[in-house]
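Those sequence lines, one after another, are chains X and G. Here the first sequence is numbered in the numbering used here, starting from 248 and rising by one per residue. Here the second sequence is numbered in the numbering used here, starting from 248 and rising by one per residue. Ideal placement from N, C-alpha and C gives every residue a C-beta, glycine not left out.
There are 2 protein chains.
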Amino acid sequence: MYAQQIANIELPTQSAVHLDGALAQPVSFFPAGTEIYAQGEKAGPLYQVEFGAVRVYRLLADGRRQISAFHMAGETFGFEADATHHFFAEAINATGIRVVRIAAVADMSRQLLPLALKGLIRAQEHLLVLGRQNAIERVAAFLVDMTERQGGLRQVELPMSRLDIGDYLGLTIETVSRVFTRLKDKGVIRLLGLRSIEILKQDVLLDMGE
Amino acid sequence: MYAQQIANIELPTQSAVHLDGALAQPVSFFPAGTEIYAQGEKAGPLYQVEFGAVRVYRLLADGRRQISAFHMAGETFGFEADATHHFFAEAINATGIRVVRIAAVADMSRQLLPLALKGLIRAQEHLLVLGRQNAIERVAAFLVDMTERQGGLRQVELPMSRLDIGDYLGLTIETVSRVFTRLKDKGVIRLLGLRSIEILKQDVLLDMGE
DNA sequence: CGTTCAGTTGAACGATGTCAAGGAGGGTGG
DNA sequence: CCACCCTCCTTGACATCGTTCAACTGAACG
Numbered sequence: 248m249y250a251q252q253i254a255n256i257e258l259p260t261q262s263a264v265h266l267d268g269a270l271a272q273p274v275s276f277f278p279a280g281t282e283i284y285a286q287g288e289k290a291g292p293l294y295q296v297e298f299g300a301v302r303v304y305r306l307l308a309d310g311r312r313q314i315s316a317f318h319m320a321g322e323t324f325g326f327e328a329d330a331t332h333h334f335f336a337e338a339i340n341a342t343g344i345r346v347v348r349i350a351a352v353a354d355m356s357r358q359l360l361p362l363a364l365k366g367l368i369r370a371q372e373h374l375l376v377l378g379r380q381n382a383i384e385r386v387a388a389f390l391v392d393m394t395e396r397q398g399g400l401r402q403v404e405l406p407m408s409r410l411d412i413g414d415y416l417g418l419t420i421e422t423v424s425r426v427f428t429r430l431k432d433k434g435v436i437r438l439l440g441l442r443s444i445e446i447l448k449q450d451v452l453l454d455m456g457e
Numbered sequence: 248m249y250a251q252q253i254a255n256i257e258l259p260t261q262s263a264v265h266l267d268g269a270l271a272q273p274v275s276f277f278p279a280g281t282e283i284y285a286q287g288e289k290a291g292p293l294y295q296v297e298f299g300a301v302r303v304y305r306l307l308a309d310g311r312r313q314i315s316a317f318h319m320a321g322e323t324f325g326f327e328a329d330a331t332h333h334f335f336a337e338a339i340n341a342t343g344i345r346v347v348r349i350a351a352v353a354d355m356s357r358q359l360l361p362l363a364l365k366g367l368i369r370a371q372e373h374l375l376v377l378g379r380q381n382a383i384e385r386v387a388a389f390l391v392d393m394t395e396r397q398g399g400l401r402q403v404e405l406p407m408s409r410l411d412i413g414d415y416l417g418l419t420i421e422t423v424s425r426v427f428t429r430l431k432d433k434g435v436i437r438l439l440g441l442r443s444i445e446i447l448k449q450d451v452l453l454d455m456g457e
């Protein structure tokens, strides 16, 4: 429904492996919308985003989708508590992924723990957004997060669609769109393109998102 | 506002320390409503629940509260990505906590990683509940979770108030109450006491909580 | 036996979802 | 290079669910 199954191509690469002790791996290329792993599949390796963006999500039986996290260049994902994936992961757009096959995760736990903890904190903070913030606060928090992850520039590039944003923030696509319009009308942001946003009033955005 | 600052009493104890390599610690007693740690405090030790129950939460400036997790006997909490607590932790009712002071967290990462990953999965699954489920589904998911954590018995003891449940599920206390009534009227549950529930139709509850 | 606090219930409101139509941008083929 | 198409996005009207505000109930405790 959301994923396309397309064989991915391995690219030669020269960039360094970040995890010591792991098997060095080339970068795999995933076209937009392709599946990286699926719920129920056997887990094991970790995944490092070289370029592009990834969405990690779960589905309810009736098709409702919750994106639990977006992963951008430099980030590592794919952690599981047992040997099975509990989520789906897909490339949002053309994405390069380094698959890190780890001989024994336990042996590398020293390096892995900080990454897992970062993911934990992120997820718990997102719980506050989903549980207690209204639509405009959610979008503001999202935009603040995206700007921070892009180095705090005034201009933000959103790699994902409105649908993805909605499924991440627990909103419908229509509500996301209306909030964008409201922020635009208030002069808080300016839409340079559909997926390119300029922050005009960072302070306002900051204390909207809490 | 939510926490009372009451000095806690150390209890002698004979039960085993679960984490090898950590300093053995006695069990501290926290009366109902007392703070275990606060947001902004220096983090470091981990906490193991011996008996009782704990809520971990964040607050918004205007007092809105999101409980990110409940911790029951046997569970470990207090993980942080950096040296600072990003959340508050309080005893829900009379609770025994073993404070595990770890010389170097990195040295114990082999044991810690599985615990952190379990917390991560739990948080991510809760995101689905908060982002995409309606009131009755949220309460159903909560009840299923509580029964599973109490060994799958038909009778569930809820250590927390309706307010806590609401703040965990992103609902108001009134909505939680109304959903309980609806489940009771449907014959899915029976209220033995305010905080004691009998599950009459586990199957119905299960596929409500999806 | 009264007081208090947690929980329940009701009525009205409001935010967000749903359904439907219209618009804009990007890609493709003529 | 233009026209068309398809997808994504926006906007509007209305429905719905959950919140808010308020009153009431009941259990626990002195």
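Legend entry - Proximal residues of chain X, C-beta to C-beta of Ala370(G) below 7 Å: Taking the first residue of the second sequence as position 1, residue 370(G) is located at position 123. The answer, in chain order, is Leu367, Ala370, Gln371, Leu374.
Legend entry - Closest residue to Asp392(G) among Phe317(G), Thr428(G), Gly310(G) (Cα-Cα distance): Numbered from 1 along the second sequence, position 145 holds the residue referred to as residue 392(G). Of Phe317(G), Thr428(G), Gly310(G), the residue nearest in Cα terms is Phe317(G).
Legend entry - Extent of the continuous alpha helix (DSSP H) run through Val426(X): The residue you call residue 426(X) lines up with position 179 of the first sequence. Where Val426(X) is concerned, the enclosing alpha helix (DSSP H) stretches over 420-432.
Inset, instruction - Note down the Cα distance separating Gln449(X) from Gly310(X), rounded to an integer number of angstroms. - result: What you label residue 449(X) is simply residue 202 of the first sequence in a count that begins at 1. What you label residue 310(X) is simply residue 63 of the first sequence in a count that begins at 1. Answer to the nearest angstrom: the Cα atoms are 35 Å apart.
Inset, instruction - Consider the Cβ of Gln286(X): report whether some Cβ of chain G lies at a distance smaller than 8 Å. - result: Numbered from 1 along the first sequence, position 39 holds the residue referred to as residue 286(X). No, Gln286(X) lies away from the interface with chain G (no Cβ there is under 8 Å from its Cβ).
Legend entry - Where the alpha helix (DSSP H) containing Val376(X) begins and where it ends: Counting from one through the first sequence, the residue named residue 376(X) turns up at place 129. Val376(X) -> alpha helix (DSSP H) spans 356-379.
Legend entry - N- and C-terminal bounds of the beta strand (DSSP E) containing Glu288(X): Your numbering for residue 288(X) matches position 41 in the first sequence. That residue, Glu288(X), is in no beta strand (DSSP E); it is neither H nor E in DSSP.
Inset, instruction - Measure the alpha-carbon distance for Leu374(X) versus Arg379(G) and round it to whole angstroms. - result: Taking the first sequence and counting its residues from 1, one reaches residue 374(X) at position 127. Taking the second sequence and counting its residues from 1, one reaches residue 379(G) at position 132. Between the alpha carbons of Leu374(X) and Arg379(G) lies a gap of roughly 12 Å.
Inset, instruction - Taking Met319(G) as part of the beta strand (DSSP E), name the residues at either end of that continuous run. - result: Mapped onto the second sequence, residue 319(G) falls at position 72. That run of the beta strand (DSSP E) goes 312-319.
Legend entry - Asp454(X) vs Ile339(X) beta-carbon contact at 8 Å: The sequence position of residue 454(X) within the first sequence is 207, counting from 1. The sequence position of residue 339(X) within the first sequence is 92, counting from 1. No.
Inset, instruction - Please confirm whether Met283(X) and His333(G) have their CB atoms less than 8 Å apart. - result: To locate residue 283(X), count along the first sequence from 1; it is residue 36. To locate residue 333(G), count along the second sequence from 1; it is residue 86. The sequence given here has Ile at residue 283(X), not Met. No, the Cβ-Cβ distance between Ile283(X) and His333(G) is not below 8 Å.
Legend entry - Inter-residue Cα distance where the pair is Ile314(G) and Phe335(G): Along the second sequence, one-based indexing puts residue 314(G) at 67. Along the second sequence, one-based indexing puts residue 335(G) at 88. Roughly 9 Å separates the two Cα atoms.
Inset, instruction - Give the single residue among Ser424(X), Thr419(X), Leu405(X), Val386(X) whose Cα lies nearest to the Cα of Arg442(X). - result: To locate residue 442(X), count along the first sequence from 1; it is residue 195. When each option's Cα is compared against that of Arg442(X), the closest is Leu405(X).
Inset, instruction - For Tyr415(G), collect the residues of the same chain with a Cβ closer than 6 Å to its Cβ; drop the 5 residues on either side in sequence, then sort them by chain order. - result: Position 168 of the second sequence, counting from 1, holds the residue named residue 415(G). Correct list, in chain order: Ile314.
Inset, instruction - Taking only the alpha-carbon atoms, compute the straight-line gap between Gly291(G) and Leu359(G) and give it to the nearest angstrom. - result: Position 44 of the second sequence, counted from the start, is the residue given in the question as residue 291(G). Position 112 of the second sequence, counted from the start, is the residue given in the question as residue 359(G). Rounded to whole angstroms, Gly291(G) to Leu359(G) spans 13 Å at the Cα level.
Legend entry - Contacts that Arg409(X) makes with chain G (C-beta to C-beta distance below 7 Å): Counting from 1 along the first sequence, the entry for residue 409(X) is found at position 162. The premise fails here: Arg409(X) is roughly 16 Å from chain G at the closest Cβ pair, so nothing lies under 7 Å.
Inset, instruction - Go ahead and label Arg401(X) buried or exposed: buried means 16 or more other beta carbons lie within 10 angstroms of its beta carbon, across all protein chains shown. - result: Taking the first residue of the first sequence as position 1, residue 401(X) is located at position 154. By the 10 Å Cβ count, Arg401(X) comes out exposed.
Inset, instruction - Under the assumption that Gly299(G) contacts Ala341(G) (Cβ atoms under 8 Å), give the Cβ distance between them as a whole number of angstroms. - result: On the second sequence, position 52 is the one that residue 299(G) refers to. On the second sequence, position 94 is the one that residue 341(G) refers to. Contact between Gly299(G) and Ala341(G) holds, since their C-beta atoms are separated by about 6 Å, short of 8 Å.
Inset, instruction - Report the residue from Glu457(X), Ala382(X), Glu337(X) whose alpha carbon sits nearest the alpha carbon of Thr422(X). - result: Sequence index remark: in the first sequence, residue 422(X) carries index 175 (1-based). The option with the nearest alpha carbon to Thr422(X) is Ala382(X).
Inset, instruction - Could you list the residues in the segment 320-338 of chain G with a C-beta less than 9 Å from some C-beta on chain X, going in chain order? - result: The residues in question are Phe326, Glu327, Ala328, Asp329, His333, Phe334.
Inset, instruction - Let me know the secondary structure DSSP gives Ala341(G) once reduced to three states. - result: Residue numbering aside, residue 341(G) sits at position 94 when the second sequence is read from its first letter. Reduced to three states, the DSSP call for Ala341(G) is coil.
Legend entry - Residue range of the alpha helix (DSSP H) that includes Gln449(X): Walking along the first sequence from the start, residue 449(X) turns up at place 202. Boundaries of the alpha helix (DSSP H) around Gln449(X): 449-455.
Legend entry - Reduced DSSP category for Phe389(X) - H, G, I as helix; E, B as strand; rest coil: What you label residue 389(X) is simply residue 142 of the first sequence in a count that begins at 1. DSSP places Phe389(X) within a helical segment (H, G or I) once states are collapsed to three.
Inset, instruction - With a 10 Å radius around its C-beta and 16 neighbouring C-beta atoms as the bar for buried, classify Thr394(G) as buried or exposed. - result: Locating residue 394(G) in the second sequence gives position 147, counting from the first residue. Per the 10 Å Cβ criterion, buried.
Legend entry - C-beta neighbour in chain X for Ser356(G), strict 8 Å: Stepping through the second sequence from its first residue, residue 356(G) is reached at position 109. So, interface residue.
Inset, instruction - Give a yes or no on whether 8 Å exceeds the smallest Cβ distance from Glu457(G) to chain X. - result: As a position in the second sequence, residue 457(G) is number 210, starting the count at 1. Closer than 8 Å: yes.
Legend entry - Inter-residue Cα distance where the pair is Pro273(G) and Thr281(G): As a working note, residue 273(G) is residue 26 in the second sequence. As a working note, residue 281(G) is residue 34 in the second sequence. Rounded to whole angstroms, Pro273(G) to Thr281(G) spans 18 Å at the Cα level.
Inset, instruction - Please list the partners that Ala290(X) has in chain G, where partner means a Cβ-to-Cβ separation under 7 Å. - result: Here residue 290(X) refers to the residue found at position 43 of the first sequence. Ordered by position in chain G, no residue passes the 7 Å Cβ test against Ala290(X), which lies about 11 Å from the chain.
Inset, instruction - Return the CA-CA distance between Leu293(G) and Ala285(G), expressed in angstroms with no decimal places. - result: Along the second sequence, read from residue 1 onward, the residue named residue 293(G) stands at position 46. Along the second sequence, read from residue 1 onward, the residue named residue 285(G) stands at position 38. So the alpha carbons of these two residues sit roughly 14 Å apart.
Inset, instruction - Determine which residues share a DSSP beta bridge with Leu306(G) and list them. - result: The sequence position of residue 306(G) within the second sequence is 59, counting from 1. According to DSSP, Leu306(G) bridges with Arg312(G).
Inset, instruction - Output, in chain order, the set of chain G residues within a Cβ distance shorter than 7 Å of Ala308(X). - result: Taking the first sequence and counting its residues from 1, one reaches residue 308(X) at position 61. Neighbours of Ala308(X) on chain G, chain order: Glu457.
Legend entry - Lys431(G) versus Gly398(G), Thr419(G), Gly417(G), Ala387(G), residue with shortest Cα-Cα distance: Counting from 1 along the second sequence, the entry for residue 431(G) is found at position 184. Closest by alpha carbon: Ala387(G).
Inset, instruction - Return the residue from the list Ile444(G), Leu452(G), Ser424(G), Phe276(G) that minimises the CA-CA distance to Gly343(G). - result: As a first step, residue 343(G) must be located in the second sequence, where it is residue number 96. For Gly343(G), the nearest C-alpha among the options comes from Phe276(G).
Inset, instruction - Count the other CB atoms, across all protein chains shown, that sit within 10 Å of the CB of Leu307(X); report buried if there are 16 or more and exposed otherwise. - result: Counting from 1 along the first sequence, the entry for residue 307(X) is found at position 60. Leu307(X) comes out exposed.
Inset, instruction - Please classify Glu384(X): is it buried, with 16 or more other beta-carbons within 10 angstroms of its beta-carbon, or exposed? - result: Within the first sequence, the letter at position 137 stands for residue 384(X). That one is buried.
Inset, instruction - Under 7 Å between beta-carbons, which chain G residues line up against Leu360(X)? List them in chain order, please. - result: Along the first sequence, one-based indexing puts residue 360(X) at 113. The answer, in chain order, is Ser356, Leu359, Leu360, Ala363.
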